[in-house]
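Below is one structure, written out as structure tokens; comments come after it.
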Amino acid sequence: MGVRIERAERRDRERVVAVMEEAFHHDPVSRWVFPDEDHRRAVHGRFLGVFVDVALAEGRIDIAEEGAAVALWLPVPAGVLEEEDPTPALMRRTADPDNERCELVGRLTGAVHPHERAHTYLLMIGVAPDRQGEGIGAEMIRAELERCDREGLPAYLEASSARSRRLYERLGFRFLGRTVDLPDGPPMYPMWRDPQAS
Numbered sequence: 000m001g002v003r004i005e006r007a008e009r010r011d012r013e014r015v016v017a018v019m020e021e022a023f024h025h026d027p028v029s030r031w032v033f034p035d036e037d038h039r040r041a042v043h044g045r046f047l048g049v050f051v052d053v054a055l056a057e058g059r060i061d062i063a064e065e066g067a068a069v070a071l072w073l074p075v076p077a078g079v080l081e082e083e084d085p086t087p088a089l090m091r092r093t094a095d096p097d098n099e100r101c102e103l104v105g106r107l108t109g110a111v112h113p114h115e116r117a118h119t120y121l122l123m124i125g126v127a128p129d130r131q132g133e134g135i136g137a138e139m140i141r142a143e144l145e146r147c148d149r150e151g152l153p154a155y156l157e158a159s160s161a162r163s164r165r166l167y168e169r170l171g172f173r174f175l176g177r178t179v180d181l182p183d184g185p186p187m188y189p190m191w192r193d194p195q196a197s
């Protein structure tokens, strides 16, 4: 297919947040965190902006097809975490201080995130709704997985729906066997992909 991918810079932040908000507005996890749609529309961008800021500071953000899709990638070193990740609390503080779900989703996914081996982490990928189904997201992921394969690096992500899980399985990820169960909410699927020989 040959998707054009560029690296986001700080000046692209609002454009990236806008794509993410549109792509994830009806996502099962976003609907669980912010059940009221009007409230979600008001605060969702601030919530997603925390992820964007982390990726800009600690990893990278790919933009494809002139803003039709974005992917947030983080390098994760091997080893046990020495201190508590401040990001979940920041998500709550920034987006919706009275909503404990803003923080809980990050705490629950963080608790199962493997750290035994260094890997690349697909924090989030979003495709604008009017461009979904064209294969843009899969091509963006394939480009990174090719790099992972060349460098012998595993990849990790959490699928937020059974539909996205199937897509990731087609790309070589495997479900790790235990869902992240959001209280009274949808399951999330931690998924791992070992590097593959060419």
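Just so we're aligned, residue 0 is where the sequence shown starts under numbering that gives the first Met the number 0, counting upward by one.
Glycine included, every Cβ here is placed at the ideal spot set by N, Cα and C.
These figures come from a predicted structure and were not determined experimentally.
Between His118 and Ala154, the beta carbon gap of about 6 Å places them in contact (Cβ cut-off 8 Å). Taken in chain order, the complete alpha helix (DSSP H) segments of 4 residues or longer contained in the segment 3-79 are 12-23, 27-32 and 36-57. If you look at Ala127, you'll find it isn't in any alpha helix (DSSP H); DSSP assigns it neither H nor E. Judged by beta-carbon spacing, Val42 lies beyond the 8 Å limit of Val15, meaning their Cβ atoms are not closer than that value. Burial state of Arg10 is exposed, judged by a 10 Å Cβ sphere holding fewer than 16 other Cβ atoms. Residue state for Glu157 is assigned as strand, using DSSP reduced to three classes.
Only buried fits Arg91, as 16 or more other CB atoms lie within 10 angstroms of its CB.
A check of alpha carbon separations from Ser163 across Met190, Glu36, Ala127 and Ala196 identifies Met190 as the nearest.
Listed as beta-bridge partners of Phe172 by DSSP are no residues whatsoever. Selection His38, Leu71 and Glu13 evaluated against Met139 yields Leu71 as nearest (Cα-Cα). DSSP places Pro185 outside both helix and strand once states are collapsed to three, so it counts as coil. Counting only residues of its own chain and dropping the five nearest sequence neighbours on each side, Phe172 has a CB closer than 6 Å to the CB of Met190 and Arg192. Apart from sequence neighbours up to five positions away, the residues of its chain that approach Thr86 with a beta-carbon distance below 7 Å are Val49, Val53 and Gly105, ordered along the chain. Distance from the CA of Ala68 to the CA of Gly125, rounded to the nearest whole angstrom, comes to 6 Å. Between Pro194 and Leu166, the C-beta gap is not smaller than 8 Å, which leaves the two residues out of contact.
Taking 8 Å as the cut-off, the Cβ atoms of Met19 and Met123 count as close.
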